[in-house]
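*Asks:*
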Amino acid sequence: MREGRGIAPTGAAVALANKIESPLSVLETIEAQDDALKVHCSETVLHLLKDIPGMEFSDAPLDEEEVFDDLMSQKVDLLIDVLHSKRHSFVVEEVFTEDPVCLARKDHPRIGETMSYEEYYREQHIALKIRRSEMNTIDFLSDTPVAPRSVKVETSSISGMLMLASDSDYIASANRSLAERVAPMLGLRIFPYPLPLNQLHYRMIYHRRYLHDENHKQKREQIKAIFKQHQK
1 MREGRGIAPT GAAVALANKI ESPLSVLETI EAQDDALKVH CSETVLHLLK DIPGMEFSDA
61 PLDEEEVFDD LMSQKVDLLI DVLHSKRHSF VVEEVFTEDP VCLARKDHPR IGETMSYEEY
121 YREQHIALKI RRSEMNTIDF LSDTPVAPRS VKVETSSISG MLMLASDSDY IASANRSLAE
181 RVAPMLGLRI FPYPLPLNQL HYRMIYHRRY LHDENHKQKR EQIKAIFKQH QK
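Numbering-wise (the UniProt record's numbering), the sequence shown opens with residue 1 and increments by one.
#1: The alpha helix (DSSP H) with residue 119 in it runs from where to where?
#2: So, residue 151 versus residue 195, is the Cβ gap smaller than 8 Å?
#3: Sort out for me which residues DSSP pairs residue 203 with in a bridge.
#4: Using a threshold of 8 Å, state whether the C-beta atoms of residue 200 and residue 175 are closer than that.
#5: Can you look up residue 48 in the DSSP assignment and give me helix, strand or coil?
#6: So if DSSP puts residue 191 in a beta bridge, which residue, or which two residues, is it bridged to?
#7: Do the CB positions of residue 49 and residue 67 come within less than 8 Å of each other?
#8: Give the straight-line distance between the Cα atoms of residue 143 and residue 198, rounded to the nearest whole angstrom.
#9: How far does the alpha helix (DSSP H) with residue 179 in it extend, from its first residue to its last?
Below, the structure written as structure tokens:
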């Protein structure tokens, strides 16, 4: 429709534009959401990374093969875990190391301010169901065979493990950063492991297709910066 020297949209055109605008806004929102990195992250370090914008976190599956299948199928864009991989299709970057520790409630009837090897094995334990390299966590971190513990409870959640330890006489295990964060709130005492265990080595693993992806690269740098702040 002509209006003065210019052309103004007709009422029908304006109505059509209004109808189109809403779906376009929805599509733009979906596109923005798709930019968020989907990350399988070990629960043990999620407390350090959870506030990074533009990331959607989920627990890494218990099964190791499922973890790598999710990376291959692009169900997730990144993995943060103690896993390793020699597959050429994956890039592996070590980003953080810390000590494993064990915990008991402060008013434990038999454990005081220290825990000896004998005391450790005299108690009942809470263990994680997670297997890495087809081993439980303790065996995974040891270079030599480890005597079996008396496991009373097996759980898939380290948070659940620590909650249970705070209300029982069972011994829990965790990484030091998580232990130091929650032990004061739960009334737990932290002990160095009375066994010769290696440090936990956390790695970022992602498909090689993302190596030079700018958004992916930016998020990886943010993750590394946070881990660097907490590295002791």
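We put the beta carbon where it would ideally sit given N, CA and C, even for glycine. Remember, it's a predicted structure, so these values are computed and weren't measured experimentally.
*Replies:* Here's the rundown:
#1: By one-based count along the sequence shown, residue 119 stands at place 119. Element bounds for residue 119: 117-122.
#2: Residue mapping note: residue 151 aligns to position 151 of the sequence shown, counting from 1. Residue mapping note: residue 195 aligns to position 195 of the sequence shown, counting from 1. No, they are not a contact pair.
#3: Within the sequence shown, residue 203 is the residue found at index 203, counting from 1. The partner list for residue 203 (beta bridge, DSSP) reads 81 and 94.
#4: Walking along the sequence shown from the start, residue 200 turns up at place 200. Walking along the sequence shown from the start, residue 175 turns up at place 175. Yes, these two residues count as a Cβ contact at 8 Å.
#5: Start at 1 with the first residue of the sequence shown, and residue 48 comes out as number 48. Three-state DSSP puts residue 48 in a helix.
#6: Here residue 191 refers to the residue found at position 191 when the sequence shown is read from its first residue. Its beta-bridge partners are 102.
#7: Counting from 1 along the sequence shown, the entry for residue 49 is found at position 49. Counting from 1 along the sequence shown, the entry for residue 67 is found at position 67. Taking 8 Å as the Cβ cut-off, residue 49 and residue 67 do not qualify as a contacting pair.
#8: Position 143 of the sequence shown, counted from the start, is the residue given in the question as residue 143. Position 198 of the sequence shown, counted from the start, is the residue given in the question as residue 198. Between residue 143 and residue 198, the C-alpha separation is close to 8 Å.
#9: As a working mapping, residue 179 is identified with position 179 in the sequence shown. Its alpha helix (DSSP H) spans residues 176-186.
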